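Asks: Next up is a structure, given as structure tokens.
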Amino acid sequence: MSFAKRYLAILIVTCLSFSGFSIYAQQDTAYKKKVLEAAEIKLLMSYYEQDGDNAAVTGGIGTEELQDYTPTMVISIPLTADDVLTVDAGLSAYTSASSSNVNPFNMSGASGDDDDDDDDDDDDDDKKDGAAVVPTGSPWVASSGASKEDVLGTVTVDYAHHSDDRNFIWNANAAFAKEYDYMSFGFGGGITKLFNERNTEVGLKAQVYLDQWERIYPTELHEYLKYGDNFQNNGYFQDVNVRDESGAISTLYNPTDFRAHDNNNRNSYSASLFFSQILTKRMQIAVFGDIVYQHGLLSTPFHRVYFADKKNYYIGKPYGIPDYETRDNDVVFQLADDIERLPSSRWKYPVGMRFNYYISEVFKLRTYYRYYADNWGLNGHTVQIEVPVGLGLSYAIIPMYRYYNQNAVDYFDGFEEHLSSQEYYTSDYDLSGFHSHMIGLGFRYKDIFSKFRVWRVGFKQIDLRYNYYSRSTGLDAHIISMGAGFAMLPKKK
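Numbering-wise (the numbering used here), the sequence shown opens with residue 2 and increments by one.
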């Protein structure tokens with residue numbers, strides 16, 4: 002699956018934040034309040050699972066079943082009274098039925114010992130169909146290929162400096178992420194200025210990501226790229242029958258629209274402006290805007306596309322062809338006409354606002370709105386509301402709801418709806434028109450005075466959340482997240 006798509010769980014799970022523990026520390030002959038009194042640790046964990054019927058790897062149909070675990074640790078260390086170093090490190094381990102179908106076949110074919118990274122070595126079910134082996138596969142069934150699972154590792158290091166009066170902050174950061182087919186390096190920084198007795202805040206940030214793909218193509222197109230027009234007599238396809246729409250054996254499959262990408266880089270540049278104002282003792286508003294430019298390989302190399310004006314060809318058992326677009330098919334797989342093609346540049350223009358209102362000691366209101374637009378034709382609206390309910394000083398429950406709506410990008414069509422004459426095309430339903438709903442409930446406990454402590458490590462806060470996500474394309478997801486915060490406390494006298 003695509004690098005961006007990996008992060009639906011991360012994008013829709015609310016970030017958990019924890020309050021610090023502050024005391025005064027001596028500096029020279031005067032006392033100065035530290036930005037962060039002592040080191041703090043945040044442990045975050047989320048579990049995400051989804052299912053749907055529109056996998057991009059198999060051209061817009063097929064299982065989207067996925068499970069993802071994301072353990073993360075965030076450590077903040079005070080270097081001086083004014084400076085804080087934060088290290089954010091985490092993993093994202095996923096198992097994906099759709100990604101497994103980069104190579105959907107249940108056996109390796111003749112190229113089992115070749116260098117295809119996604120060859121499947123399970124030959125236990127070898128059968129014969131005349132003189133040819135009969136591998137089977139289906140967009141609705143997970144393969145056991147190498148792309149079925151992966152682990153993403155990420156680390157971000159941020160350094161922040163606060164002025165003596167704490168009204169000016171600058172920071173710089175660097176980030177690195179790596180998974181099987183994708184590597185990302187990022188760096189950036191920002192400034193924040195507080196005015197009007199800290200009732201007004203203005204911030205400016207900039208970020209650069211320099212990413213690189215490992216270009217992995219669907220098995221059938223990988224073999225065509227390697228052997229050319231004679232690929233059906235070599236590699237994977239040697240002694241494997243290809244069938245046409247009627248189920249008859251055919252040698253006419255020839256994906257001449259496919260060509261390899263000549264670029265494996267994806268660079269992203271972003272600038273963000275933020276303004277926050279406390280209007281009254283109970284009311285706060287914030288507005289923000291971003292501008293993002295991306296350049297390079299913006300499509301995913303292993304997303305298949307099928308053309309309406311091309312004949313269909315299959316590998317597998319022909320009796321499954323009439324049921325190909327349904328979950329009843331578990332024995333035949335349609336060979337790709339090409340892969341997803343998208344422009345090499347993209348501008349994004351999200352803007353939004355937050356409005357928070359303190360209703361009472363029990364009820365708070367938090368609202369959020371975001372409008373997104375880009376030059377691919379996509380427009381989206383997000384509305385979110387949370388109503389934290391305080392149960393004393395230490396406990397709170399947090400119900401929430403989010404609604405999202407978007408139209409399709411200019412280059413989207415579903416399974417077998419594109420034409421081979423088009424320049425750009427995708428059947429990734431993340432780029433389709435849809436609306437979605439997410440409802441959730443959270444629980445928070447704060448140990449204000451760190452009564453629970455082990456040695457000098459004091460417990461600060463724990464958050465537990467459950468969210469259910471559903472969108473109109475048929476995709477449903479469940480997200481469970483947990484966060485716990487700890488702080489290094491002074492020695493007891």
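Every residue, glycine too, gets a C-beta built ideally from N, C-alpha and C.
Keep in mind that this is a model prediction, so the values were computed, not measured.
Which of helix, strand or coil does DSSP assign to asparagine 553?
Replies: A query on residue 553 cannot be resolved here, the shown segment of the chain reaching from 2 to 494 and no further.
Asks: Do you know whose CA, among Phe275, Met401 and Ala90, lies nearest valine 352's CA?
Replies: Phe275
Asks: Around the C-beta of leucine 67, are 16 or more other C-beta atoms found within 10 angstroms, so that it is buried, or is it exposed?
Replies: buried
Asks: By the three-class DSSP mapping on this structure, what secondary structure does aspartate 329 have?
Replies: coil
Asks: For aspartate 212, which of helix, strand or coil comes out of DSSP?
Replies: In this structure, aspartate 212 counts as strand in the three-state DSSP scheme.
Asks: Take every Cβ of the region 400-419, pair it with every Cβ of the region 427-438, and state whether three or more of those distances are shorter than 8 Å.
Replies: Because the criterion of three Cβ pairs below 8 Å is met, the region 400-419 and the region 427-438 touch.
Asks: By the 10 Å Cβ neighbour count, where 16 or more other Cβ atoms means buried, how is isoleucine 399 classified, buried or exposed?
Replies: Buried, by the Cβ-count rule.
Asks: Can you tell which of Lys34, Ala39 and Glu417 has its C-alpha closest to the C-alpha of glycine 486?
Replies: Ala39
Asks: Checking 8 Å against the spacing of the C-beta atoms, do tyrosine 254 and valine 243 come in under that value?
Replies: Yes, the pair counts as a contact, with Cβ atoms nearer than the cut-off.
Asks: Take methionine 489 as the anchor and find which of Phe460, Asp212 and Ser251 has the nearest alpha-carbon.
Replies: Phe460
Asks: Could you have a look at arginine 457 and say whether DSSP puts it in helix, strand or coil?
Replies: coil
Asks: List in chain order: all unbroken beta strand (DSSP E) runs of 3+ residues lying wholly within the region 363-398.
Replies: 365-374, 380-387 and 390-392
Asks: Flag this pair as yes or no: are the beta carbons of aspartate 245 and serine 273 separated by less than 8 Å?
Replies: no
Asks: Could you pull the start and end residues of the alpha helix (DSSP H) that glutamate 50 belongs to?
Replies: Segment 41-52 is the beta strand (DSSP E) holding glutamate 50; no alpha helix (DSSP H) there.
Asks: State the beta-bridge partners of aspartate 324 as determined by DSSP.
Replies: For aspartate 324, which the question treats as bridged, DSSP gives no partner whatsoever.
Asks: Which runs of the beta strand (DSSP E), 3 residues or longer, sit entirely within the region 245-297?
Replies: As far as the region 245-297 is concerned, its whole beta strand (DSSP E) runs of at least 3 residues are 266-279 and 284-297.
Asks: Using C-beta distances below 8 Å, list every residue in its chain close to phenylalanine 416, excluding the 5 sequence neighbours before and after it, in chain order.
Replies: Gly60, Gly61, Ile62, Tyr307, Glu326 and Ser428
Asks: Could you pull out every residue in the same chain whose Cβ sits closer than 6 Å to the Cβ of tyrosine 396, ignoring the five residues on either side in sequence?
Replies: Tyr446
Asks: Pull up the CB-CB distance for glutamine 285 and asparagine 357, whole angstroms please, since I reckon it's below 8 Å.
Replies: 5 Å
Asks: According to DSSP, simplified to helix, strand and coil, what is threonine 193?
Replies: strand
Asks: Assign isoleucine 181 to one of three DSSP states: helix, strand, or coil.
Replies: Checking the sequence shown, residue 181 turns out to be tyrosine, not isoleucine. DSSP places tyrosine 181 in coil when its eight states are reduced to three.
Asks: Can you check whether the CB of aspartate 375 is closer than 8 Å to the CB of lysine 349?
Replies: yes
Asks: May I ask you to list the residues that DSSP assigns as paired with threonine 73?
Replies: Paired residues: Leu45 and Gly91.
Asks: According to DSSP, is tyrosine 218 helix, strand or coil?
Replies: coil
Asks: Note down, in chain order, each residue of its chain lying with its Cβ closer than 6 Å to the Cβ of alanine 207, except the 5 sequence neighbours on either side.
Replies: Gly189 and Ala272
Asks: Could you check what DSSP says for histidine 223 in three-state terms: helix, strand or coil?
Replies: helix
Asks: Is it buried or exposed, threonine 71, if we count other Cβ atoms within 10 angstroms and call 16 or more buried?
Replies: With 16 or more other Cβ atoms inside 10 Å of its own Cβ, threonine 71 counts as buried.
Asks: Return the Cβ separation of proline 302 and tyrosine 218 in integer angstroms, given the expectation that the two are a contact with Cβ distance under 8 Å.
Replies: 6 Å
Asks: Could you give the C-beta distance for serine 97 and leucine 37, rounded to a whole number, given that I count them as a contact under 8 Å?
Replies: Not quite, the Cβ-Cβ distance comes to about 39 Å (not below 8 Å), so this is no contact.
Asks: DSSP three-state label for leucine 432, please.
Replies: In the structure shown, leucine 432 sits in a helix (DSSP, three-state: H, G or I).
Asks: Name the two residues that bound the continuous beta strand (DSSP E) containing alanine 485.
Replies: 477-489
Asks: Indicate the three-state DSSP secondary structure (helix, strand or coil) for alanine 173 in the structure shown.
Replies: strand
Asks: Pick helix, strand or coil for alanine 309, following the three-state DSSP scheme.
Replies: DSSP places alanine 309 in coil when its eight states are reduced to three.
Asks: Where do the ends of the alpha helix (DSSP H) carrying alanine 409 lie?
Replies: Where alanine 409 is concerned, there is no enclosing alpha helix (DSSP H), given that its DSSP letter is neither H nor E.
Asks: Any heavy atom of the ligand ADP closer than 7 Å to the CB of glycine 248?
Replies: Among the components modelled here there is no ligand, and therefore nothing to report on the ligand ADP.
Asks: With a threshold of 16 other CB atoms inside 10 Å of the CB of valine 363, please say whether the residue is buried or exposed.
Replies: exposed
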